[in-house]
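Here the structure is laid out as structure tokens; the discussion comes afterwards.
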Amino acid sequence: EYISVANLASVLKMRVEDFVKKLEDLGFEDVQNDHILNAEHAGLIAQEYNFEPIIQAKGEDGDIYAAPARSPEDYAKLPPRPPVVTIMGHVDHGKTTILDYIRKSSVAATEFGGITQHIGAFSVPLVSGKKITFLDTPGHAAFETMRARGANVTDIVVLVVAADDSVMPQTIEAIKHAQAAKVPIIVAINKIDKEQAHPDRVKQDLGRHGVEVEEYGGDVQTVLVSGKTGQGIPDLEEAISLQSEVLDHRADPEANVEGWVLEGTTKKSGKVATVLVRNGTLRQGDILVAGTTWTRVRALRNEAGAAVKEIGPGMPVEVDGWREQPIAGDEALQASSEQQAAQIADLRTEKLERLQMAKDMEAINETRRLEAERREADEAAAKAAKAGETIPEEVLKKESGPEIVSFIVKADVSGSAEAVVDSITAIGNNEVGARILRSGVGSPSEFDVQHAADAGGHIVNFNTIIQPNIAAMAEGKGVKILDSNIIYRVVENVKALMSEKLSPKI
Ligand code: GDP
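Terminal number for the sequence shown in UniProt numbering: 903, no gaps in between.
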């Protein structure tokens, strides 16, 4: 929603010099060619030249979004889905060994000839008929990378602690990651086959780091395992399954497909990506959009490399036919036609370009402002020196508090509301800062808009549907609704709005 003076001039087919003069006539001061105008100003100027500006209402931007969260009653009617598990823990405590054991002993592997391929995740059927999906990149970096992109893929963390080594620095780090993401932990006390194994010590040490195991009155399950011999692995799988029942993981196999991209690669067959289906059933011929790329699915392959016709919620599958390679952490959503998918991909590319331009311009404007400030200070100092005075304190140290921009945060669930609040609070510098007025679950309401308007603030909407009357009311009151369903985009939007606050001072 930004355009530079030079670009607007070219849109209006005017010479930049004439256009800049015209802007000054209109009351804009100190205009430079690369000065950035917001949508409102650009619209006003365009109208001056008898152009009808098209400013889209939020939510009618032609993009697609994940379906909003269901009511608890509707959710309870859905069938269970397999939980998605990430294995974490200190180096050498046996994460890879345990994963390999689970993968090799899985029925799926033997059923399809036994050679499992790395596609980013694999699913294991239990004796009970239930399934568990394991992300097959153990470790913390993968978990955090996905989370940083707003992809809350993991339902349960299995924390591997070697019984002969107990809690180590990366164990503590893993606990912190899991807690920050509000993902429950199951502890696998590994290497139980070793003579030096001291499982009780592990349990005590965990207690000291905020992991209260069942044996000591907490609610964290522990399982004694050996990745080497396979001892206890079925118990671990049962513990995961039980935890998933308690957490009540469900999904709608009939819904439009929603999923996360776990990884993307280029193979002989073209660009492929592993999609972890979150909702709906993905079938051959379906059309998916992920970030700025899309595909009409030609073939679906499971982790054994076998072609499958369809894949349901909680399951990973390799999808081919992507125009560009998708990025891990992107959300994959079903589109209704190739045409729609291509349009959305274009629209998102444009959005990203505009955002990048706004960022660049923001940086340029900021540099200019600092330069001007320094020049001013230098001049004042020179003047003072000439007059033989001491340099006044306020010239030496230009100090003023940051400009505060207020936000009301609305989100689909409380977990995402908190994540949004956390990431917004982290934004800001000594020029401009963000303040959260209030946060809550549900679509933005009239009250939210009124509150934001009264406070001169704005609304951040995360993954809920904005009612048209609310969008209209907000527009009428000058309240912006920043709409997104990916955390890093929320951050980008908030930053863009905050930089807009700065521009009048430039
Ligand atoms: P990671 O760094 O956590 O993935 O650890 P690895 O799976 O690579 O295991 C580190 C070392 O511990 C390897 O030499 C494994 O063979 C060994 N190891 C893993 N699990 C067990 C186990 O249950 N018992 C024994 N005795 N050794 C194990």
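Just so you know, even glycine gets a beta-carbon here, dropped at the ideal spot from N, CA and C.
This structure is a prediction, so every number in the text was calculated from the model and none was measured.
Going by Cα to Cα distance, which pick from Ile684, His646, Asp415, Lys474 is closest to Val481?
-> On the sequence shown, position 84 is the one that residue 481 refers to. Nearest to Val481 by C-alpha distance, out of Ile684, His646, Asp415, Lys474, is His646.
What are the boundary residues of the beta strand (DSSP E) that Val669 is part of?
-> Residue numbering aside, residue 669 sits at position 272 when the sequence shown is read from its first letter. For Val669, the enclosing beta strand (DSSP E) covers residues 667-676.
Burial state of Arg832, where buried means 16 or more other Cβ atoms lie within 10 Å | Start at 1 with the first residue of the sequence shown, and residue 832 comes out as number 435. Classification for Arg832: exposed.
Relative to ligand 1, is the shortest distance from any of its heavy atoms to the C-beta of Lys625 smaller than 7 Å?
-> On the sequence shown, position 228 is the one that residue 625 refers to. At least one heavy atom of ligand 1 sits closer than 7 Å to the Cβ of Lys625.
For Gln618, which residues from the same chain have a beta carbon less than 8 Å from its beta carbon, with the 5 sequence-adjacent residues on both sides left out?
-> Along the sequence shown, read from residue 1 onward, the residue named residue 618 stands at position 221. For Gln618, where only same-chain residues beyond five positions count, the Cβ hits under 8 Å are Ile583, Val584, Val610, Glu611, Ala636, Leu639, Gln640.
Nonlocal neighbours in the same chain, by C-beta distance under 6 Å from Glu750, ignoring five residues either side | What you label residue 750 is simply residue 353 of the sequence shown in a count that begins at 1. Cβ within range, chain order: n/a, list empty.
My guess is that Ser803 and Gly854 are in contact by the Cβ rule of under 8 Å, so how many angstroms apart are they, rounded?
-> The sequence position of residue 803 within the sequence shown is 406, counting from 1. The sequence position of residue 854 within the sequence shown is 457, counting from 1. Going by Cβ atoms, the distance from Ser803 to Gly854 rounds to 3 Å, so yes, they are a contact pair.
Alpha carbon to alpha carbon, how far is Lys756 from Ala893? Give it in angstroms, no decimals.
-> As a first step, residue 893 is located in the sequence shown; it is residue number 496 there, counting from the start. As a first step, residue 756 is located in the sequence shown; it is residue number 359 there, counting from the start. For Ala893 and Lys756, the distance between alpha carbons rounds to 7 Å.
Quick one: what's Ala704 bridged to in DSSP?
-> Taking the sequence shown and counting its residues from 1, one reaches residue 704 at position 307. Answer is Arg698.
How would you write the range of the beta strand (DSSP E) that Ser803 sits in, first residue to last?
-> Residue numbering aside, residue 803 sits at position 406 when the sequence shown is read from its first letter. Note, Ser803: beta strand (DSSP E), 800-808.
Enumerate in chain order the residues of its own chain whose CB-to-CB distance from Thr822 is below 7 Å, with the five nearest sequence positions on each side excluded.
-> In the sequence shown, the residue the question calls residue 822 occupies position 425. Within the same chain, Ala831, Ile833 come within 7 Å of Thr822 by CB-CB distance, once the 5 residues on both sides are set aside.
Taking the CB atoms as reference points, tell me whether Ile863 and Leu879 lie closer together than 8 Å.
-> The residue given as residue 863 occupies position 466 in the sequence shown. The residue given as residue 879 occupies position 482 in the sequence shown. Contact: no.
Val558 to Arg835, Cα distance in whole Å?
-> Translated into positions along the sequence shown, residue 558 becomes position 161. Translated into positions along the sequence shown, residue 835 becomes position 438. Cα to Cα, the separation comes out at about 40 Å.
Along the chain, where does the alpha helix (DSSP H) that runs through Arg605 open and close?
-> As a first step, residue 605 must be located in the sequence shown, where it is residue number 208. Per DSSP, Arg605 belongs to the alpha helix (DSSP H) from 596-605.
Please work out which residues of its chain come closer than 8 Å, Cβ to Cβ, to Ala575, disregarding the five sequence neighbours upstream and downstream, and give them in chain order.
-> Locating residue 575 in the sequence shown gives position 178, counting from the first residue. Hits under 8 Å: Met485, Val554, Leu556, Pro581, Ile582.
Using the C-alpha atoms, what's the distance from Glu800 back to His487?
-> Working through the sequence shown from its first residue, we reach residue 487 at position 90. Working through the sequence shown from its first residue, we reach residue 800 at position 403. Cα to Cα, the separation comes out at about 43 Å.
Are Arg478 and Gly711 closer than 8 Å when you measure CB to CB?
-> Along the sequence shown, read from residue 1 onward, the residue named residue 478 stands at position 81. Along the sequence shown, read from residue 1 onward, the residue named residue 711 stands at position 314. With a cutoff of 8 Å on beta-carbon distance, Arg478 and Gly711 are scored as near each other.
Could you name the residues of the same chain whose beta carbon sits closer than 7 Å to that of Ala852, not counting the 5 residues immediately before and after it, in chain order?
-> The residue you call residue 852 lines up with position 455 of the sequence shown. Closer than 7 Å at Cβ, skipping near neighbours: Ser803, Leu834.
So, are the CB atoms of Ile569 and His595 less than 8 Å apart?
-> Along the sequence shown, read from residue 1 onward, the residue named residue 569 stands at position 172. Along the sequence shown, read from residue 1 onward, the residue named residue 595 stands at position 198. No, the pair does not count as a contact, with Cβ atoms beyond the cut-off.
Out of curiosity, what's the CA-to-CA distance linking Ala814 and Val705?
-> The sequence position of residue 814 within the sequence shown is 417, counting from 1. The sequence position of residue 705 within the sequence shown is 308, counting from 1. Straight-line Cα distance between these residues: approximately 37 Å.
Under the criterion of a Cβ to heavy atom distance below 7 Å, does Pro535 qualify as lining ligand 1?
-> Working through the sequence shown from its first residue, we reach residue 535 at position 138. Yes.
Who are the Cβ neighbours of Glu843 in its own chain at under 6 Å, not counting the five residues just before and after it?
-> Taking the first residue of the sequence shown as position 1, residue 843 is located at position 446. Cβ neighbours of Glu843 beyond the five flanking positions: none.
From Ser520 to Val829, what does the alpha carbon distance come to, in whole angstroms?
-> Your numbering for residue 520 matches position 123 in the sequence shown. Your numbering for residue 829 matches position 432 in the sequence shown. Distance from the CA of Ser520 to the CA of Val829, rounded to the nearest whole angstrom, comes to 47 Å.
Which whole runs of the beta strand (DSSP E) in the stretch 543-567 are 3 residues long or more, in chain order?
-> Given a length threshold of 3 residues, each whole run of the beta strand (DSSP E) inside the stretch 543-567 is given here in chain order: 553-559.
Residues that DSSP places opposite Glu715 in a beta bridge = Stepping through the sequence shown from its first residue, residue 715 is reached at position 318. Partner(s): Thr671, Arg698.
Buried versus exposed, by CB contacts within 10 Å (16 or more), Leu423 = Looking up residue 423 in the sequence shown gives position 26. By the 10 Å Cβ count, Leu423 comes out exposed.
Is His515 near ligand 1, with its Cβ less than 7 Å from a heavy atom?
-> Walking along the sequence shown from the start, residue 515 turns up at place 118. Outside the cutoff, so no.
Could you tell me whether the stretch 490-501 touches the stretch 433-446, where touching means 3 or more Cβ pairs closer than 8 Å?
-> In short, these stretches do not touch, since the Cβ pair count stays below three.
Span of the beta strand (DSSP E) holding Lys528?
-> Taking the sequence shown and counting its residues from 1, the one referred to as residue 528 is at position 131. From DSSP, the beta strand (DSSP E) with Lys528 extends over 528-532.
Determine the extent of the alpha helix (DSSP H) in which Lys410 is found, giving its start and end residues.
-> Start at 1 with the first residue of the sequence shown, and residue 410 comes out as number 13. Run containing Lys410: none; DSSP gives neither H nor E here.
Selection from Asn860, Met870, Ala849, Glu768 that minimises the alpha carbon distance to Ile884 | For the purposes of this step, residue 884 is taken as the residue at position 487 of the sequence shown. Here the closest residue by C-alpha is Asn860.
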